[in-house]
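What follows is a set of notes on a single structure, which appears directly below.
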Amino acid sequence: MSKVVVLKCDEYNLLKVKDKINEGLNLLGGIESIIPLEKFTLLKPNLVSAAAPEKAATTHPVIFEAISQILIDHKYKFHYGDSPGFGNPTKVSEKCGLKSVAQRLNIEEADFVNSKKISLQNALINKEFDIALGVIKSDAIINLPKMKSHALQRTTGAIKNTFGVVTGFNKGAMHAKYTNAFNFAEMIIDLNKLIIPDLHIMDGIMAMEGNGPRNGNPVKMNVILISTDPVAMDAVFAKLINLDPELLPLITYGERMGVGSYHDIELLGDNLEDLININFDIVKTPLRTEDMTKVKLLAKYVIRRPYIKKSECKKCGICVKACPLDDKAISFKNNDKTTVPVYDYLKCIRCYCCQEMCPYEVIDVKTPIIGKIIYGLKLLK
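Just so you know, we're using this note's numbering here: the sequence shown kicks off at 515 and counts up by one.
What follows is the structure, given as structure tokens:
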């Protein structure tokens with residue numbers, strides 16, 4: 515039976531957060547029962563992009579500092595790092611508030627720029643990954659996911675956060691290769707079979723709803739989750755936002771492939787029911803299986819797609835660079851970089867990398883009006 519610790523915590527107060535995490539670890543038998551002291555440990559936060567902590571896009575620096583202090587108290591040797599989707603890991607860490615904590619506590623930054631190809635036997639869909647050297651040099655991993663909505667997978671939590679062990683450019687190649695939510699989820703599950711964190715601590719004090727995983731709205735969830743099972747943790751996350759875990763392929767595939775279990779969970783700590791947010795803004799319709807490049811009419815008129823708020827666009831071109839396709843689905847018309855980029859929805863694979871990487875939060879993901887009518891009448895399932 516998988517155990518998930520649910521801890522009510524309503525503010526990023528360092529002493530309070532550290533006490534809560536210690537309480538949760540003790541409910542699981544203590545951190546040294548999970549990770550032996552001699553193991554060189556990696557702290558793996560979510561540093562998806564260079565966003566300030568109050569945006570709720572990344573692991574909060576107080577969560578990072580609290581677990582760091584606990585590791586120091588126990589005399590662990592450890593480092594930290596993550597590979598953002600866009601930008602230099604060091605600069606992103608600085609913007610997110612983690613680098614200053616690391617410098618103050620003398621925590622080294624792991625190498626998330628250079629990588630090595632690692633192969634997986636008996637893969638579902640992807641046998642080889644470019645894994646950051648900082649991960650390869652670690653004996654144990656503590657995963658520090660952020661509780662967020664996600665345009666492609668509905669949610670991003672413990673399972674999805676492992677994607678950050680793949681170095682930057684290579685993540686885009688994965689999006690181009692796996693062009694719907696289901697085969698992309700299979701790839702993420704393969705990654706979780708290859709790289710297996712020992713412990714997961716989810717930052718849900720301030721979560722993100724709506725247009726996640728980068729440009730959504732902060733929402734108070736007042737919770738920290740702790741577990742050694744990422745599937746169970748993400749299932750509890752789903753229950754906290756009133757979402758059926760069965761809708762999420764990362765969870766269902768994760769259990770099927772032995773990454774974890776969501777059917778048999780022992781909850782420890784505080785009462786889950788007291789923390790459920792039934793109004794959490796997230797899409798609750800089933801994910802679609804189609805390859806967007808093969809269903810032209812659906813792609814153009816029905817399926818959810820990214821939109822640029824033209825009046826707010828800064829014309830920086832980061833969305834164009836973020837598109838993982840060689841034949842870009844978003845581009846400057848006639849290569850005029852003084853104009854707002856435009857989409858070719860017949861090319862778009864709905865990976866939403868553009869939305870995720872937009873630094874000005876001007877790309878939304880919405881269902882077209884025709885799609886809303888069809889879904890509302892249940893003509894398309």
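We put the CB at the ideal spot given by N, CA and C, even for glycine.
Can you tell which of the options has its C-alpha closest to the C-alpha of residue i?
i      : options                           : result
GLY599 : ASN848, ASN694, PHE677 and SER825 : PHE677
CYS523 : LEU556, PRO838, ILE863 and ALA721 : ALA721
PHE592 : ALA570, SER614, PRO550 and VAL627 : PRO550
ASP840 : ILE738, LEU786, PHE683 and PRO727 : PHE683
GLU537 : ILE715, TYR767, ILE656 and ASN560 : ILE715
GLU546 : LEU528, ILE586, LYS530 and LEU561 : ILE586
LEU557 : TYR590, HIS588 and TYR594         : TYR594
LEU542 : LEU782, CYS827, CYS862 and ASN849 : LEU782
SER741 : VAL834, ILE632, ASN657 and GLU642 : ASN657
THR799 : VAL518, MET871, PHE846 and GLN667 : GLN667
LYS589 : LEU619, LYS851 and ASN636         : LEU619
ASN694 : LYS651, ASP788 and ARG818         : ARG818
ALA654 : LEU708, TYR526, CYS872 and SER825 : LEU708
LYS835 : ILE792, ASP704, GLU870 and ALA571 : GLU870
ALA624 : VAL750, THR604, TYR866 and ILE779 : THR604
ARG901 : ALA570, HIS689 and MET661         : One cannot answer for residue 901 here, as it falls past the ends of the chain, which runs 515 to 895.
ALA570 : ASN540, TYR526 and ILE548         : TYR526
THR555 : SER652, SER633 and ASP778         : SER652
ASN560 : GLN617, LYS662 and GLY544         : LYS662
ASP704 : GLY772, SER582, LYS660 and ILE832 : GLY772
Which residues bound the beta strand (DSSP E) around residue i?
i      : result
LYS591 : From DSSP, LYS591 is part of no beta strand (DSSP E); its letter is neither H nor E.
SER633 : 629-633
LEU781 : 779-783
ASN684 : Segment 682-691 is the alpha helix (DSSP H) holding ASN684; no beta strand (DSSP E) there.
MET735 : 731-741
GLU546 : Segment 545-548 is the alpha helix (DSSP H) holding GLU546; no beta strand (DSSP E) there.
LEU713 : 713-723
LEU551 : Unbroken run through LEU551: none, as it is neither H nor E.
The alpha helix (DSSP H) with residue i in it runs from where to where?
i      : result
LEU666 : Note, LEU666: premise wrong, no alpha helix (DSSP H); not H, not E.
PHE698 : 695-708
MET771 : No alpha helix (DSSP H) contains MET771, which DSSP labels as neither H nor E.
ARG864 : Unbroken run through ARG864: none, as it is neither H nor E.
PHE751 : 744-754
LYS613 : 612-618
VAL649 : 647-650
Residue i by DSSP, collapsed to three states: which one?
i      : result
GLU623 : strand
PRO600 : Reading off the sequence, residue 600 comes out as Phe, not Pro. If DSSP states are grouped into helix, strand and coil, PHE600 belongs with coil.
ASN560 : coil
ASN657 : strand
ASP788 : helix
LEU528 : helix
ASN675 : helix
ALA836 : helix
ASN540 : helix
LYS828 : coil
LEU893 : With a pLDDT of only 44 at LEU893, under the threshold of 50, the placement of this residue in the model should not be trusted, and no figure is reported.
GLU875 : coil
Does the Cβ of residue i lie closer than 7 Å to at least one heavy atom of the ligand MG?
i      : result
THR799 : Among the components of this structure there are no ligands whatsoever, and the ligand MG is therefore not found.
Leaving out the 5 sequence neighbours to the left and right, which residues in its chain are closer than 8 Å to residue i when beta-carbon positions are compared?
i      : result
TYR692 : ILE639, ASN640, PHE698, GLU700 and MET701
ILE790 : LYS753, LEU754, ILE755 and ASN756
SER629 : ASP644, ILE645, ALA646, LEU647, VAL680, THR681 and ASN684
THR853 : LYS829, PHE846 and LYS847
ILE548 : LEU539, LEU542, ASP712, LEU713 and THR742
If you drop the 5 nearest sequence neighbours on each side, which residues of the same chain put their C-beta closer than 7 Å to that of residue i?
i      : result
SER775 : SER516, ASP743, VAL745, ALA746 and GLU769
ALA580 : LEU528, VAL531, LYS532 and ILE535
VAL876 : ILE822, LYS823, GLU826 and CYS827
So, are the CB atoms of residue i and residue j less than 8 Å apart?
i      : j      : result
ALA646 : SER597 : yes
ASP717 : ILE577 : yes
ASP748 : THR669 : yes
LEU786 : VAL520 : yes
GLY726 : ALA665 : yes
ILE719 : VAL733 : no
ILE779 : VAL518 : yes
Short of 6 Å in beta carbon distance, which residues of its chain neighbour residue i, apart from the five on each side in sequence? Order them along the chain.
i      : result
ASP533 : none
GLY686 : PRO838
ALA821 : A small correction: the amino acid at residue 821 is Tyr; Ala does not occupy that position in the sequence shown. Cβ neighbours of TYR821 beyond the five flanking positions: ASP878 and LYS880.
TYR564 : Correcting the residue identity first, residue 564 is Ala in this sequence and not Tyr. Counting only Cβ-Cβ distances below 6 Å, and skipping sequence neighbours, we find GLY601, VAL606 and LYS609.
ASP479 : Residue 479 lies beyond the stretch modelled for the chain, which goes from 515 to 895, so this question has no answer here.
ASP795 : GLU723 and GLY724
GLY611 : PRO567 and PRO575
ASN899 : With the chain running from 515 to 895 in the structure shown, residue 899 is simply not present.
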